[in-house]
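The opening position of the sequence shown corresponds to residue 194 in our numbering, with each subsequent residue numbered one higher.
The next block holds one structure in the form of structure tokens; read it before the comments.
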Amino acid sequence: MKLGYNLNSKGKITSISSQNIDKFQYQTDGTEPFSLDDYFDWQKDLSTGEWIFKPIIMVPEYISKLQATKHMLNINRHAELMAIIDADETGETRLLYDAAHQLDR
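In structure tokens, the structure reads:
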């Protein structure tokens, strides 16, 4: 399916459609790496004409304590985290960590 699309000054696709493609700045010729499903992950280097994969990565505002624990185990830093939590002589950090079901970023 042929597509029409427009690029901004940084090479990001600002609009795309399979209808009325002659009204767009560019039309696909089959060499483009994107589709209607993933066009937002691609940017064209306007000086070389090369398409660059630049996915939009959404960073969550919080993660579950299970996710955090698994990540700390994967990077071999869980013991370090527990030592930091246990270093609080008041015990408040341990109470808050144990009671938390999610951790803010």
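All C-beta atoms in this analysis are idealised placements derived from N, C-alpha and C, irrespective of residue type, glycine included.
DSSP has residue i in a bridge; who is on the other side?
{"i": "glutamine 260", "result": "Answer by DSSP bridge pairing: none, since glutamine 260 is not bridged."}
{"i": "serine 240", "result": "Partner(s): none; serine 240 has no beta bridge."}
{"i": "asparagine 199", "result": "Ser208"}
{"i": "phenylalanine 246", "result": "Trp235"}
{"i": "tyrosine 290", "result": "Note: tyrosine 290 sits in no beta bridge, so no partner."}
What's the C-alpha gap between residue i and residue j?
{"i": "glutamate 273", "j": "glutamate 225", "result": "47 Å"}
{"i": "serine 208", "j": "glycine 242", "result": "18 Å"}
{"i": "tyrosine 232", "j": "alanine 261", "result": "32 Å"}
{"i": "aspartate 234", "j": "leucine 200", "result": "13 Å"}
{"i": "proline 215", "j": "aspartate 238", "result": "It is aspartate, not proline, that sits at residue 215 in the sequence shown. Going by the C-alpha atoms only, they are around 23 Å apart."}
{"i": "lysine 263", "j": "serine 240", "result": "43 Å"}
I'd like to confirm something about residue i: is its beta-carbon nearer than 7 Å to some heavy atom of the ligand COA, or not?
{"i": "lysine 247", "result": "The ligand COA is absent from the structure shown, which contains no ligands of any kind."}
Count the other C-beta atoms from every protein chain shown that fall within 10 angstroms of the C-beta of residue i, then say buried if there are 16 or more, exposed otherwise.
{"i": "isoleucine 249", "result": "exposed"}
{"i": "phenylalanine 246", "result": "exposed"}
{"i": "isoleucine 277", "result": "exposed"}
{"i": "isoleucine 268", "result": "exposed"}
I want to know whether the region 194–205 touches the region 216–231 - three or more CB-CB distances under 8 Å.
Touching, yes, given that three or more Cβ pairs across the two stretches are closer than 8 Å.
State whether the region 287–296 contacts the region 251–258, with contact taken as three or more CB pairs (one from each stretch) at a distance under 8 Å.
The region 287–296, when compared against the region 251–258, does touch it at the 8 Å Cβ threshold.
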